[in-house]
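A.B. asks: After the structure tokens below, expect a handful of questions from me.
Residue numbers (the numbering used here): 6 to 758.
Below is the structure:
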């Protein structure tokens, strides 16, 4: 085969002929004889999984339902103290937060105990127990632990072997029992430790070991049965495939990861020493800091409660007195709209207030991880993470630049920012008309050997950073540069204005497809009327999820309080649990109804950004990701029920498909054949923004296809039957992956045995 990477690297007919003439390594073989599990086995497991979903949803709802109930239990009667109600509600919130961690730990040990590496039948008993434990652990609010010593405590409690002075930004981890982190290990942000995956009808569990002083960069993917030697370094946006060992003292980069040279021990600063007293005090600081920040960002909910209670007065507005549930839902949804606006504004102002009055402005440099400045930076990150619970809907709207400016970032005119991760606001500059797509890891701090390094990150005018890309700190993108999907960047001196870079490691594309035919009034220079219309629609999309939660909460609580007044606490528990389940399912059907009413069926199209279709489509996606996934669909991952639910939204998913991802947007454009296996974080990417034009087309995945963790297939691509895509593999738009072939890499290339 000649690959996309080959063509762009050699760039001439003679060079391509030379590549074709070179002796080729043997291609990896694909087993096409494997037998998928029986329908009976699949649905027997599915029934057992479905039986646990109500409890899983109820545990998740507890964190907001318990304080909601507590506040209203202590108000409503003459003489009740609002201060007492708020204090009790905050206590219930903190208790429910701690309980989520406790339930996850206890549930993991009770359900699955200690797992061993090996191969287990899909839909079997071991698979079921692993799935249930994974769902319980995933539900815990681990963002509160990110970057702190609490993360090591958490992993140890789940069964991982974690040494001393280990620093962890944040990770996804599927089997804690099969993780060993020796002393001094450093792990970046949003690293994916995917040591459980499904392939050819089996659950594969494997050990991951990082020896002392090893380092894993942000957005890296490690599969099971991988090993990093002492002082070994796996770069950001790199993939270490099943069965791979990274030797001691070496640096590996790329997807799949390959040797990039020796680690320079001489240039590394000695690890700072830290006293036992300092370590203990930091632990106390992180615990109380996390709880304090969580509490501060919970407090803005009370002004919204008080505003609703003030308006909801039967003496002043007799027409509001109606016990019909449907009427109550509509009433409280309408009342919650201005109240939720207050909540969002208060949260944003509180974030900015804490940021600018309490914390110093961060500057480029290096500091020990056991320093006051590291602790201050951690608090800034906690502010961003905690505010996300309320401000998630702000991302990918016209209000996102305002939010980032409040936090300290320099953001130019008409910048578009979606869900950027890991950014340090004080270190970030975005030029005019820049575009940051979904899930970009943007300029996060680098931590290695006990030191934190922060450098300024600059994205210059009209540059575009694609979905799931990794932009390390210190990067300076020139003007009008395009960084492709799942890509990283070369050294600053290699980049020039107008260039396009794709892949990990990145390759320079000499030309890019340009989009024409649309006036700038629909792409870069919208009229005031269009700005106003988009702002109004996006304001509704920001407020609506919280208004829905508030409306449902009021109806549920007001119908539950009579049981509490009678002292019938068993009935209260049953009522709240049932209501939580109906709420979770209801969010899914609400999003489905909106999708079919406002969008209908997605079709191949190209639509400029400043048009109603794009605003509505992005609004549906935001509601899907903001309420349907966290409240219901995430508990269906890895069950036979998730394909059924997504087919209801318009997908074409065949029988027996294993689906461990909810990362699907234009549902009608996704086709997945029978018995395919789509693992965690994999994505059929049915749209991209190019020159501020939203392009949508179909993704076709054949029968019995395997998609590894964080693999992606771009629109217009076809993956034929029995093909295999490794971890962090990118199939380009319009590309065809032949049947019964195995591919790895970003961009995809034939896998070698």
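C-beta: ideal position from N, C-alpha, C; glycine also.
What whole-angstrom Cβ distance do residue 505 and residue 697 have, given they're in contact under 8 angstroms?
C.D. replies: Going by Cβ atoms, the distance from residue 505 to residue 697 rounds to 16 angstroms, so no, they are not a contact pair.
A.B. asks: Would DSSP call residue 402 helix, strand or coil?
C.D. replies: If DSSP states are grouped into helix, strand and coil, residue 402 belongs with coil.
A.B. asks: In whole angstroms, give me the CA-to-CA distance for residue 556 and residue 333.
C.D. replies: In a straight line, the C-alpha of residue 556 is about 8 angstroms away from that of residue 333.
A.B. asks: Give the single residue among 545, 432, 364 and 155 whose Cα lies nearest to the Cα of residue 295.
C.D. replies: Selected option, being the one with the closest Cα: 155.
A.B. asks: Residues in its own chain within less than 6 angstroms of residue 648 by CB, not counting five upstream and five downstream?
C.D. replies: Closer than 6 angstroms at the Cβ level, and outside the excluded window around residue 648, lie 658, 662 and 664.
A.B. asks: Which residue wins for smallest C-alpha separation from residue 292, given the options 302, 153 and 222?
C.D. replies: Cα-wise, what sits closest to residue 292 is 153.
A.B. asks: Taking 8 angstroms as the threshold (C-beta atoms), are residue 345 and residue 371 in contact?
C.D. replies: No; because the gap between Cβ atoms is not below 8 angstroms, this pair is not in contact.
A.B. asks: Within a Cβ cutoff of 7 angstroms, which residues of the same chain sit near residue 127, ignoring the five residues on either side of it in sequence?
C.D. replies: Cβ within range, chain order: 42, 203, 206, 207, 208 and 663.
A.B. asks: Going by alpha carbons, who is nearest to residue 694 out of 613, 335, 567 and 585?
C.D. replies: Comparing Cα-Cα distances from residue 694 to each of 613, 335, 567 and 585, the minimum goes to 613.
A.B. asks: Given that a residue counts as buried once 16 or more other Cβ atoms are within 10 Å of its Cβ, and exposed if not, what is residue 827?
C.D. replies: The requested residue 827 is not part of the displayed model; the chain covers only 6 to 758.
A.B. asks: Return the bridge partner residues of residue 453 from the DSSP annotation.
C.D. replies: Note: residue 453 sits in a beta bridge opposite 456.
A.B. asks: According to DSSP, what are the bridge partners of residue 123?
C.D. replies: DSSP output for residue 123 lists 210 as bridge partner(s).
A.B. asks: Is there contact here, the stretch 163-171 with the stretch 389-404, by at least three beta-carbon pairs under 8 angstroms?
C.D. replies: Segments in contact, no.
A.B. asks: Report yes or no: do three or more beta-carbon pairs, one from the stretch 128-146 and one from the stretch 263-274, lie closer than 8 angstroms?
C.D. replies: Too few Cβ pairs lie closer than 8 angstroms, so no.
A.B. asks: Checking 8 angstroms against the spacing of the C-beta atoms, do residue 482 and residue 459 come in under that value?
C.D. replies: Cβ distance not < 8 angstroms, so residue 482 and residue 459 don't count as in contact.
A.B. asks: Starting from residue 267, trace the beta strand (DSSP E) both ways and give me its first and last residue.
C.D. replies: Residue 267 -> beta strand (DSSP E) spans 263-267.
A.B. asks: Quick one: is residue 88 buried, meaning 16 or more other Cβ sit within 10 Å of its Cβ, or exposed?
C.D. replies: That one is exposed.
A.B. asks: Ignoring anything shorter than 3 residues or poking outside the stretch 706-737, list the beta strand (DSSP E) runs there in chain order.
C.D. replies: Qualifying beta strand (DSSP E) stretches, in chain order: 717-719.
A.B. asks: If you scan the stretch 639-691 from start to end, which runs of the alpha helix (DSSP H) of 4 or more residues do you find wholly inside it?
C.D. replies: Within the stretch 639-691, the complete alpha helix (DSSP H) runs of at least 4 residues are 646-654.
A.B. asks: Here's a check: name, in chain order, each residue in its chain whose Cβ is nearer than 8 angstroms to the Cβ of residue 518, leaving out the five neighbours to either side.
C.D. replies: So the list reads 695, once near-sequence residues are dropped.
A.B. asks: Under the rule that 16 or more other beta-carbon atoms within 10 Å means buried, what is residue 327, buried or exposed?
C.D. replies: The residue in question, residue 327, is exposed, as its Cβ has fewer than 16 Cβ neighbours within 10 Å.
A.B. asks: What do you get for residue 263, buried or exposed, if any count of 16 or more other CB atoms within 10 angstroms of its CB means buried?
C.D. replies: It counts as exposed.
A.B. asks: So, for residue 298: in the same chain, excluding its five sequence neighbours on each side, which residues have a beta-carbon less than 6 angstroms away from its beta-carbon?
C.D. replies: Around residue 298: 387 and 391.
A.B. asks: Find out if the Cβ-Cβ distance for the pair residue 200, residue 234 is shorter than 8 angstroms.
C.D. replies: Contact: no.
A.B. asks: How should residue 534 be labelled, buried or exposed, when 16 other C-beta atoms within 10 angstroms of its C-beta is the threshold for buried?
C.D. replies: The residue is exposed, with fewer than 16 neighbouring Cβ atoms inside 10 Å.
A.B. asks: Output the distance between the C-alpha atoms of residue 480 and residue 74, rounded to the nearest integer angstrom.
C.D. replies: Approximately 48 angstroms, taken between the alpha carbons.
A.B. asks: With DSSP as the reference, please indicate the residues paired to residue 167 in a beta bridge.
C.D. replies: According to DSSP, which records beta bridges pairwise, residue 167 is partnered with 186.
A.B. asks: Taking the Cβ atom as the reference point for each residue, do residue 673 and residue 609 lie within a distance shorter than 8 angstroms?
C.D. replies: No, they are not a contact pair.
A.B. asks: Could you check if residue 174 is buried or exposed, using at least 16 other CB atoms within 10 Å of its CB as the buried criterion?
C.D. replies: The residue in question, residue 174, is buried, as its Cβ has 16 or more Cβ neighbours within 10 Å.
A.B. asks: Classify residue 446 as helix, strand or coil using the three-state DSSP reduction.
C.D. replies: Strand at residue 446.
A.B. asks: In the DSSP assignment, the alpha helix (DSSP H) including residue 296 goes from what residue to what residue?
C.D. replies: Taken as a continuous stretch (DSSP letters only), the alpha helix (DSSP H) holding residue 296 covers 281-301.
A.B. asks: Tell me the rounded alpha-carbon separation between residue 285 and residue 279.
C.D. replies: One C-alpha to the other measures close to 10 angstroms.
A.B. asks: Quick check: residue 223 and residue 446, are their CB atoms within less than 8 angstroms of each other?
C.D. replies: Yes, Cβ-Cβ distance for residue 223 and residue 446 is below 8 angstroms.
A.B. asks: Roughly how many whole angstroms lie between the Cα atoms of residue 756 and residue 238?
C.D. replies: Between residue 756 and residue 238, the C-alpha separation is close to 23 angstroms.
A.B. asks: How about residue 267 and residue 283: are their beta carbons less than 8 angstroms apart?
C.D. replies: No, these two residues do not count as a Cβ contact at 8 angstroms.
A.B. asks: Going straight from the alpha carbon of residue 357 to that of residue 144, what length do you get?
C.D. replies: The straight-line gap from Cα to Cα measures roughly 28 angstroms.
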